[in-house]
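Read in order, the letters of the sequence shown are residues 1 to 260 in the UniProt record's numbering. In this text, a Cβ means the ideal position worked out from N, Cα and C, and glycines have one as well. Quantities reported herein were computed from a predicted structural model and do not represent experimental measurements.
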Amino acid sequence: MRLTSRRLGLATAALSLLVVTGCRQDMQNQPKFFPQRGTDFYADGRSVRPQVENTVARNQLHEDGYFYTGLVNGKEGDGMPFPATMQVLERGQERYNVYCTPCHSRVGNGIGMIVQRGYSKAGSFHSARLETAPLGHFFHVISNGYGSMPDYSSQIVPADRWAIVAYIKALQLSQKATQADVASGAHVEPLASIAEREGLPASFADEWVLPPTAVTGTPDNGLYVLPVTGAGAAGTTAAAPSRNNAAAPAASAGQTAPKQ
1 MRLTSRRLGL
11 ATAALSLLVV
21 TGCRQDMQNQ
31 PKFFPQRGTD
41 FYADGRSVRP
51 QVENTVARNQ
61 LHEDGYFYTG
71 LVNGKEGDGM
81 PFPATMQVLE
91 RGQERYNVYC
101 TPCHSRVGNG
111 IGMIVQRGYS
121 KAGSFHSARL
131 ETAPLGHFFH
141 VISNGYGSMP
151 DYSSQIVPAD
161 RWAIVAYIKA
171 LQLSQKATQA
181 DVASGAHVEP
191 LASIAEREGL
201 PASFADEWVL
211 PPTAVTGTPD
221 NGLYVLPVTG
231 AGAAGTTAAA
241 PSRNNAAAPA
251 ASAGQTAPKQ
């Protein structure tokens with residue numbers, strides 16, 4: 001009886017050892033490729049296989065080239081790839097306030113908070129150069145950067161970049177709006193009048209002055225103007241940001257008009 005129990009114990013131990021050894025060998029020596037290591041399985045000696053030509057990852061076909069680049073035949077296009085509805089403008093304003101205001105300010109005059117603290121001067125959306133720039137220019141700059149401005153392609157998806165572009169154009173119009181630019185029944189009045197009605201200080205509508213700590217990086221204290229693919233001749237410097245108390249759409253009830 002005792003001998004039988006001993007034999008049974010030994011058999012169990014041997015079986016357990018075989019099982020453990022088998023698992024360990026399978027885990028240690030399983031047939032697999034290690035990244036960046038060579039192999040004699042393929043003729044070219046590479047374990048990592050090249051991607052199949054003419055294949056596109058899911059959701060990366062990008063058939064609409066203009067939507068993803070802002071370019072048409074290598075030149076900056078001038079149009080929205082989808083309707084600029086009020087919802088699009090509201091989304092553009094929200095994204096603009098998050099990503100653009102530190103440099104360009106809430107009203108786009110290029111004197112944002114970090115510029116006031118010494119960062120390179122940002123472009124004013126109310127300069128003649130940018131007021132006439134095509135929509136594709138703004139999308140292209142957001143996507144690829146420009147001068148001291150880094151690209152925001154990883155932070156802002158294409159649809160939101162276009163929403164920001166739409167809001168920038170609305171922002172430009174708001175600073176020089178006339179009665180003919182607004183819908184019937186809407187009223188346009190100077191920002192100073194809006195500020196006074198809202199109980200804001202008289203300085204609210206005054207000229208924004210760039211502090212001496214701001215950096216320009218150009219001999220004539222102008223802005224960087226770099227060549228952009230298909231954008232025509234470059235190399236000149238734009239005028240320093242300027243603004244005036246132009247007429248602006250009246251703020252709706254419960255809203256405060258932005259500072260210029």
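With DSSP as the reference, please indicate the residues paired to Met-149 in a beta bridge.
Bridge partners of Met-149: Tyr-146.
Considering only their Cβ atoms, is the gap separating Phe-138 from Gly-185 smaller than 9 Å?
Result no, Cβ atoms of Gly-185 and Phe-138 do not sit closer than 9 Å.
Can you list, in chain order, the residues of its chain whose CB lies under 6 Å from that of Ser-153, leaving out five sequence neighbours each side?
So the qualifying residues of the chain are Ser-143.
Is Ser-203 close to chain D, meaning its C-beta is less than 9 Å from at least one C-beta of that chain?
The displayed structure is made up of one protein chain only, and chain D is not part of it.
Beta-carbon within less than 8 Å of Leu-15's beta-carbon, same chain only, minus the 5 sequence neighbours each way: which residues are those?
If we look at Leu-15 and ignore the five residues flanking it on each side, it has no Cβ neighbours.
Beta carbon of Trp-162, beta carbon of Gly-92: below 9 Å?
Yes, they are a contact pair.
DSSP on Val-72, reduced to helix/strand/coil?
Reduced to three states, the DSSP call for Val-72 is strand.
Under the three-state reduction of DSSP, which class applies to Pro-31: helix, strand or coil?
Of the three classes helix, strand and coil, the one that applies to Pro-31 here is coil, per DSSP.
Using 9 Å as the threshold, is the C-beta distance between Gln-172 and Phe-125 below it?
The answer is yes: Cβ separation under 9 Å.
Do you know whose CA, among Ala-128, Ile-114, Gly-38 and Ile-164, lies nearest residue 261's CA?
In the structure displayed, the chain extends from 1 to 260; residue 261 sits before or after that span and is not available.
Between the beta-carbon of Leu-210 and the beta-carbon of Gln-116, is there less than 9 Å?
Cβ distance < 9 Å, so Leu-210 and Gln-116 count as in contact.
Identify every residue that forms a DSSP beta bridge with Pro-50.
DSSP output for Pro-50 lists no bridge partner at all.
Which partner residues does Gly-38 have in the DSSP bridge list?
BP columns for Gly-38 point to Arg-46.
Between the alpha carbons of Ser-5 and Thr-39, how many angstroms are there, rounded?
C-alpha separation (whole angstroms): 50 Å.
Residues in the same chain with beta-carbon distance under 7 Å from Phe-33, minus the five sequence neighbours each way, listed in chain order, please.
The residues are Thr-39 and Ser-47.
In angstroms with no decimal places, state the Cα-to-Cα distance between Thr-12 and Phe-41.
C-alpha separation (whole angstroms): 40 Å.
Quick one: what does DSSP say Leu-200 is sitting in, helix, strand or coil?
Three-state DSSP puts Leu-200 in coil, outside helix and strand.
Between Pro-102 and Ile-111, is the Cβ-Cβ spacing less than 9 Å?
Cβ atoms of Pro-102 and Ile-111: not closer than 9 Å.
Roughly how many angstroms lie between the CA atoms of Asp-206 and Glu-53, to the nearest whole one?
Each residue's alpha carbon lies about 60 Å from the other.
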